[in-house]
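So for the sequence shown, the working numbering puts the first residue at 12; every next one is plus one. Glycine included, each C-beta is placed from N, C-alpha and C at the ideal position.
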Amino acid sequence: QLIRDELRQQGRLAPESRSIPVLVEQHLGTRRLAPNYAPGDEIHYKVGSLVEHGIADNSTATVLSVNARANTLSVATRDDNETSYNPALLKKQTAQSRVYREEQRDISVGERIRFTYSDRDAHVRVGNFGTVERIGEGNTLSVRLDNGKSVELDADHALHVEYGYAVGTTQEASVDRVLVTGDGSQLAPQQNALTRLSSRIRDLSLYMSESRELTVEKTGPGTENALSKNGLSPSISTPALSEVELEGFGIGL
Numbered sequence: 012q013l014i015r016d017e018l019r020q021q022g023r024l025a026p027e028s029r030s031i032p033v034l035v036e037q038h039l040g041t042r043r044l045a046p047n048y049a050p051g052d053e054i055h056y057k058v059g060s061l062v063e064h065g066i067a068d069n070s071t072a073t074v075l076s077v078n079a080r081a082n083t084l085s086v087a088t089r090d091d092n093e094t095s096y097n098p099a100l101l102k103k104q105t106a107q108s109r110v111y112r113e114e115q116r117d118i119s120v121g122e123r124i125r126f127t128y129s130d131r132d133a134h135v136r137v138g139n140f141g142t143v144e145r146i147g148e149g150n151t152l153s154v155r156l157d158n159g160k161s162v163e164l165d166a167d168h169a170l171h172v173e174y175g176y177a178v179g180t181t182q183e184a185s186v187d188r189v190l191v192t193g194d195g196s197q198l199a200p201q202q203n204a205l206t207r208l209s210s211r212i213r214d215l216s217l218y219m220s221e222s223r224e225l226t227v228e229k230t231g232p233g234t235e236n237a238l239s240k241n242g243l244s245p246s247i248s249t250p251a252l253s254e255v256e257l258e259g260f261g262i263g264l
C-alpha cells in the first residue's frame, strides 16, 4: 500500500482504481485434508480421475461443499459435472493439484503486476512482470510485458495476476531490492546462496536475531563497527559492489 501511495503521488499510478477478483494460490498444510478447503476454492488438476469422478487431466473444478467428518469434497467441473471424492484416497491427483482462492485487488492504470499462472493463449509465463495500460469492461486488462510485448487479458486470464511490487522468491524475477528475515541460525546456511544474487540488486537488507554461528567473509567500509554496535554478525558474504552501508539490522547494497 505504501508503494502504491508513493507511485500515485509521483503520477506513475492513476488515481482511479477498480476492484477486480484474482485467484491467490493457497499453500495448505496438507491438501489431503478436506477441512483445509473452502467452498469457492478453485482446484487445478494436472492429473484427473475421469472414469471414476469425471475429472479430466489438466482441468479445473470449483469446491461446492466440504464434509469434514467423511473427509470428502464436492466439486463442480467446468462442464457442470458434480462429483465427490476423498482427497486422501486420490493421492496422485491431490499431490499434483493446485488450490486457488478468490480475493479482491484494487488495480489502476500504471499498476505493476506479476503473472501467477502460465498461459500459452495469453503468451505469458508464471513470474512474468508487466504494467497495466488499460482496464476494460468486464475486468479485461491490457498489459505491457517487461519484454516489450503487449497482451490482452480477458476476465478469466486476468484472474491470475498479483501485485508486482513484492514477491516471495527471486527465482522467477529480476529484482532490485531483497529483504531477508529469520533467526540467525536459519540464515547461516543461506549465505552461499545470498552471495550469488545478481550484482544489479541495489539493496539487500537482513533482519535477524542474534547468532554466534554467523561470520563475516567480506564486508564494506565501516560494516564491522556497525555490526558490533548491534551485537550481530551478518550471515552472508557481500557481493562485490561499490558501497556497503548498515542501518540498524539491514545491510544496504
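Coil, strand or helix - residue i by DSSP
i	result
Glu27	coil
Glu114	strand
Arg15	helix
Glu36	strand
Val178	coil
Ser153	strand
Val189	strand
Glu148	helix
Ser220	coil
Ser119	coil
Ser161	strand
Gln20	helix
Residue i: first and last residue of the uninterrupted beta strand (DSSP E) it sits in
i	result
Glu93	Glu93 to Tyr96
Glu53	Glu53 to Tyr56
Leu84	Thr83 to Thr88
Val137	Looking at the DSSP string, Val137 is not in any beta strand (DSSP E), and its letter there is neither H nor E.
Ala72	Ser70 to Asn78
Chain-order list of residues whose beta-carbon lies under 6 Å from that of residue i (same chain, five-residue window excluded)
i	result
Ser129	Arg136 and Val137
Val35	Arg112 and Glu114
Ile54	Ala72, Ser108 and Val110
Asn92	Gly65
Asp16	none
Val191	Leu217
Gln37	Val110 and Arg112
Burial state of residue i (16 or more Cβ within 10 Å)
i	result
Val218	Reading off the sequence shown, one finds Tyr at residue 218, where the question assumed Val. Its Cβ having fewer than 16 others within 10 Å, Tyr218 is exposed.
Val33	buried
Arg188	exposed
Ala152	One detail in the question is off: residue 152 reads as Leu in this sequence, not Ala. Leu152 comes out buried.
Asn158	exposed
Gln20	exposed
Leu61	exposed
Leu100	exposed
Arg125	buried
His134	exposed
Ala81	exposed
Pro232	Per-residue confidence for Pro232 stands at a pLDDT of 37, beneath the threshold of 50, marking its modelled position as unreliable; no derived number is given.
Gln12	exposed
Ala169	buried
Any chain C beta carbon closer than 7 Å to residue i
i	result
Ser28	Considering every chain present, this structure includes no chain C. It has just one protein chain.
Cβ-based neighbour list, residue i, same chain, cut-off 7 Å, excluding 5 preceding and 5 following
i	result
Gly149	Ala166
Ser70	Tyr56, Gly59, Thr88 and Arg89
Thr41	Asn47
Leu2	It is not possible to answer for residue 2, since the shown part of the chain is limited to 12 through 264.
Tyr176	Ile14 and Arg123
Gly193	Met219
Gly22	none
Val120	Ala25, Val143, Glu144, Arg145 and Ile146
Span of the alpha helix (DSSP H), counted from its first residue to its last, around residue i
i	result
Leu170	Unbroken run through Leu170: none, as it is neither H nor E.
Leu61	Leu61 to His64
Thr105	Lys102 to Ala106
Worksheet entry | At least 3 beta-carbon pairs within less than 8 Å: the segment 45-52 vs the segment 24-33 | no
Practice prompt. Assess, as a yes-or-no matter, whether the segment 99-110 is touched by the segment 141-161 under the definition of 3 or more beta carbon pairs within less than 8 Å.
Written response: no
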